[in-house]
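J.: Please read through the structure below; I'll follow up with questions.
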Amino acid sequence: MDAVLTETQEMTRAMVREFAEREIIPQTRENDRLHRFPAGLLKQMAPLGLLGGPIPQEYGGMGTDYRTWGLVMEELGRACLSTATTVLVQVSLVGLNLLHWASEEQRRRYLPRLTSGEIIGAFGLTEPNVGSNPAGMETVATRRGDDWVLRGQKTWISNGGVADLVIVYAQTDPSQGHRGIAAFLVERGMDGFTSQNIEGKLGLHASNTATLFFDEVRIPAEQVMAPPGQGIHSALSTLETSRMTAASAFVGLAQACLEAAVEYAQTRQQFGRAIGSFQMVQDLIAEMVVEVEAARCLARRAAALKDQGKMTARDGAMAKYYASEVAVRCSERAIQVHGGHGYSDEFPVERYFRDARVGTLYEGTSQIQKLIIGRETLGISAFV
Ligand SMILES: Cc1cc2nc3c(=O)[nH]c(=O)nc-3n(C[C@H](O)[C@H](O)[C@H](O)COP(=O)(O)OP(=O)(O)OC[C@H]3O[C@@H](n4cnc5c(N)ncnc54)[C@H](O)[C@@H]3O)c2cc1C
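Quick look at the structure:
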């Protein structure tokens, strides 16, 4: 047993590990090869509470603390980063966003359907010309009577092509800058809303990613989640919490790289000995061990602070920055340990390598995480 986990947390982790080994891992290679979104898995995960996490039980969630939720994400990341990404969006970017920013009526309408897997959610912030600087967004919402009309595009939206519900951020008054941004609840089937899947991704083949188009989409007033002035706060505060959870998924992926490298180093023979007996192979393994544990400490620290209501933007950014970079480095080392055999999908390390690369990009790039850490440390913002 892990010395820092309670018995309940250890049981939750063991339950998710058992499910992942039985249901997720056996299909990851084929899903990756076929670029197949495993919709059926979501239906299986829902009864276990894996689409609910910290969302309270009255809305169909598990009401877990964030340390436990981090363990769930770590196990999902260890099994399949595509699946972890799908769940991360469903729970952290959509469910918890609704919990904190939506009206009670909106929460009751959507949360039980998200936690049961009846509907899939997506979070629409990024645009073709707007990534690291969401305040400059070009998607606009114009008032028409009590309703709003939405025009623009969102791109690189996880779950976007399969989502029934999208939280869409839009500018309502460009003269107000970030204070003009509002958040809207857009449902699949609303006139003028279409999507197109993004093909040819480097990794995350089993995670759906899409561009969303809004052509004069009429949004009734009751579908406003965060009014102008609050939209940007909903986006940024949601990302702060979500980064901490994403960090746990990257720890899980780095752990998978380590385990694969250890197993291969113990069994592969060269020069009449297991390659794990060579000092330079041990060097690769030792670096992975230390970095995985350090990343795990940062992710668990951020989750523990969140549970105490003390987590700052810096804590989430540190965990996400470090864990994502560690996942990239561990995936490179795992391939090195496998030699040429690591260069095909005969072994999972090839997928780990491609999947890990997204961690330093989505939910804010590594550069943006460093600027947050710098700002919170120096009291000087590099963002203009
Ligand atoms: C697989 C995948 C899934 C995604 N899912 C979602 C999703 O569900 N919802 C969503 O809204 N978005 C999503 N994204 C988008 C993601 O959040 C953005 O790609 C990310 O925020 C970076 O934006 P950008 O790609 O436009 O890069 P840019 O902002 O154009 O940045 C390009 C480069 O410039 C650097 N840079 C930019 N500004 C600065 C600065 N001030 N100082 C230093 N360097 C800087 C960046 O670090 C980066 O290296 C996803 C992306 C991917 C790849």
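Residues in the sequence shown are numbered from 0 upward in steps of one, following numbering that gives the first Met the number 0. C-beta atoms are modelled at their ideal positions from N, C-alpha and C, and glycine is treated no differently.
1) Between which two residues does the beta strand (DSSP E) harbouring E215 extend?
2) What's the gap between the Cα of M0 and the Cα of L297?
3) For Q89, I'd like the list of residues in its chain whose CB is within less than 8 Å of its CB, leaving aside the five on either flank, ordered along the chain.
4) Going by DSSP, which residues form a beta bridge with F183?
5) Verify whether the separation of the beta carbon atoms of L149 and V185 is less than 9 Å.
6) Assess, as a yes-or-no matter, whether the segment 304-317 is touched by the segment 238-249 under the definition of 3 or more beta carbon pairs within less than 8 Å.
7) With distances taken from CA atoms, which of R66, G341, F352 is nearest A326?
8) Within this structure, are the beta carbons of R77 and L203 separated by less than 9 Å?
9) Using the rule of at least 16 other Cβ atoms within 10 Å of the residue's Cβ for burial, across every protein chain shown, is E362 buried or exposed?
10) Pair every Cβ in the segment 160-179 with every Cβ in the segment 66-82, then say whether three or more of these pairs are closer than 8 Å.
11) Please identify the residue among T193, A182, Q335, Q152 whose C-alpha is closest to the C-alpha of V161.
12) Roughly how many whole angstroms lie between the Cα atoms of P347 and R28?
13) Is I24 helix, strand or coil when you go by DSSP?
14) Comparing alpha-carbon positions, which option in G339, Y321, E221, A205 lies nearest L387?
15) Which word fits T7, buried or exposed, when buried means at least 16 other C-beta atoms lie within 10 angstroms of its C-beta?
16) So what's S131 in DSSP terms, helix, strand or just coil?
17) What is the DSSP secondary structure of G228, reduced to helix, strand or coil?
18) Take the Cβ of N207 as the centre, count every other Cβ of all protein chains shown within 10 Å, and call the residue buried at 16 or more, exposed below.
19) Please go through the same chain and pick out, in chain order, the residues whose beta-carbon is closer than 6 Å to the beta-carbon of I367, but skip the five residues on each side of it.
20) Just verifying my parser: in three-state terms, what is the DSSP assignment at T364?
21) Give the DSSP-derived three-state secondary structure of Q89 in the structure shown.
22) Tell me which residue opens and which closes the alpha helix (DSSP H) that R142 is part of.
23) Quick one: measure Cβ to Cβ for A381 and M224, integer angstroms, because I've assumed they're closer than 8 Å.
24) Would you mind sorting N96 into buried or exposed? The rule is 16 or more other CB atoms within 10 Å of its CB.
25) If you measure from the CB of N132, is any heavy atom of ligand 1 nearer than 8 Å?
26) For the alpha helix (DSSP H) holding L95, just list the boundary residues, first then last.
27) Using 10 angstroms around the beta-carbon of G144, count the other beta-carbons present and answer buried if the total reaches 16, otherwise exposed.
28) Would you mind listing the alpha helix (DSSP H) stretches within the segment 239-306 that are 4+ residues and don't spill past its ends, in chain order?
29) Where A259 and V86 are concerned, what is the direct C-alpha to C-alpha distance, given to the nearest angstrom?
30) What does DSSP give as the partner residues of D146 in its beta bridges?
31) Around the Cβ of I379, are there at least 16 other Cβ atoms within 10 angstroms (buried) or fewer (exposed)?
32) How about L124: is its Cβ closer than 8 Å to a heavy atom in ligand 1?
33) My output table needs one value for E9: the three-state DSSP class, helix, strand or coil.
34) Hey, how far is the Cα of T154 from the Cα of D214?
T.: Considering the structure as presented:
1) Here residue 215 refers to the residue found at position 216 when the sequence shown is read from its first residue. That run of the beta strand (DSSP E) goes 208-218.
2) Mapped onto the sequence shown, residue 0 falls at position 1. Mapped onto the sequence shown, residue 297 falls at position 298. Caution applies to M0, whose pLDDT of 46 falls short of 50 and renders its modelled position unreliable; the value that the coordinates give is listed next. Between M0 and L297, the C-alpha separation is close to 19 Å.
3) As a working mapping, residue 89 is identified with position 90 in the sequence shown. So the qualifying residues of the chain are L41, L50, L113, I119, G120, N158.
4) Here residue 183 is taken as the residue at index 184 of the sequence shown, counted from 1. In the DSSP output, where bridge partners are listed per residue, F183 has V167, V223.
5) Walking along the sequence shown from the start, residue 149 turns up at place 150. Walking along the sequence shown from the start, residue 185 turns up at place 186. Yes; because the gap between Cβ atoms is below 9 Å, this pair is in contact.
6) yes
7) Along the sequence shown, read from residue 1 onward, the residue named residue 326 stands at position 327. The shortest Cα separation from A326 among R66, G341, F352 belongs to F352.
8) Against the sequence shown, residue 77 aligns to sequence position 78. Against the sequence shown, residue 203 aligns to sequence position 204. No. Outside cutoff.
9) Numbered from its first residue, the sequence shown carries residue 362 at position 363. Buried: at least 16 other Cβ atoms inside 10 Å.
10) no
11) For the purposes of this step, residue 161 is taken as residue 162 along the sequence shown, with counting starting at 1. V161 has its Cα closest to that of T193, out of T193, A182, Q335, Q152.
12) Sequence index remark: in the sequence shown, residue 347 carries index 348 (1-based). Sequence index remark: in the sequence shown, residue 28 carries index 29 (1-based). Approximately 8 Å between the Cα atoms of the pair.
13) If you number the sequence shown from 1, residue 24 lands on position 25. The answer is helix: DSSP assigns I24 an H, G or I state.
14) The shown model of the chain, from 0 to 383, leaves out residue 387, and the question about it has no answer.
15) Along the sequence shown, read from residue 1 onward, the residue named residue 7 stands at position 8. Classification of T7: exposed, given that the 10 Å Cβ count is below 16.
16) For the purposes of this step, residue 131 is identified with residue 132 of the sequence shown, where counting begins at 1. Correct three-state label for S131: coil.
17) Translated into positions along the sequence shown, residue 228 becomes position 229. In this structure, G228 counts as coil in the three-state DSSP scheme.
18) Numbered from its first residue, the sequence shown carries residue 207 at position 208. Burial call: buried.
19) Along the sequence shown, read from residue 1 onward, the residue named residue 367 stands at position 368. These residues qualify, in order along the chain: S131.
20) Here residue 364 corresponds to residue number 365 of the sequence shown, with the count starting at 1. Coil, per DSSP.
21) Residue mapping note: residue 89 aligns to position 90 of the sequence shown, counting from 1. In this structure, Q89 counts as helix in the three-state DSSP scheme.
22) Indexing the sequence shown from 1 puts residue 142 at position 143. Element bounds for R142: not the alpha helix (DSSP H) but the beta strand (DSSP E), 139-143.
23) Mapped onto the sequence shown, residue 381 falls at position 382. Mapped onto the sequence shown, residue 224 falls at position 225. In fact, because the Cβ distance is near 30 Å, the residues do not count as touching under 8 Å.
24) If you number the sequence shown from 1, residue 96 lands on position 97. Buried: at least 16 other Cβ atoms inside 10 Å.
25) One-based indexing of the sequence shown puts residue 132 at position 133. At least one heavy atom of ligand 1 is nearer than 8 Å to the Cβ of N132, so yes.
26) Taking the first residue of the sequence shown as position 1, residue 95 is located at position 96. L95 -> alpha helix (DSSP H) spans 95-100.
27) For the purposes of this step, residue 144 is identified with residue 145 of the sequence shown, where counting begins at 1. G144 is exposed by the Cβ-count criterion.
28) 278-306
29) The residue given as residue 259 occupies position 260 in the sequence shown. The residue given as residue 86 occupies position 87 in the sequence shown. In a straight line, the C-alpha of A259 is about 24 Å away from that of V86.
30) The residue given as residue 146 occupies position 147 in the sequence shown. In DSSP, D146 forms a bridge with R143.
31) Here residue 379 corresponds to residue number 380 of the sequence shown, with the count starting at 1. The residue in question, I379, is exposed, as its Cβ has fewer than 16 Cβ neighbours within 10 Å.
32) Locating residue 124 in the sequence shown gives position 125, where the first residue counts as 1. Answer for L124: yes, Cβ within range of ligand 1.
33) On the sequence shown, residue 9 is found 10 positions in, with the first residue counted as 1. Helix at E9.
34) Here residue 154 corresponds to residue number 155 of the sequence shown, with the count starting at 1. Here residue 214 corresponds to residue number 215 of the sequence shown, with the count starting at 1. So the two alpha carbons sit approximately 15 Å from each other.
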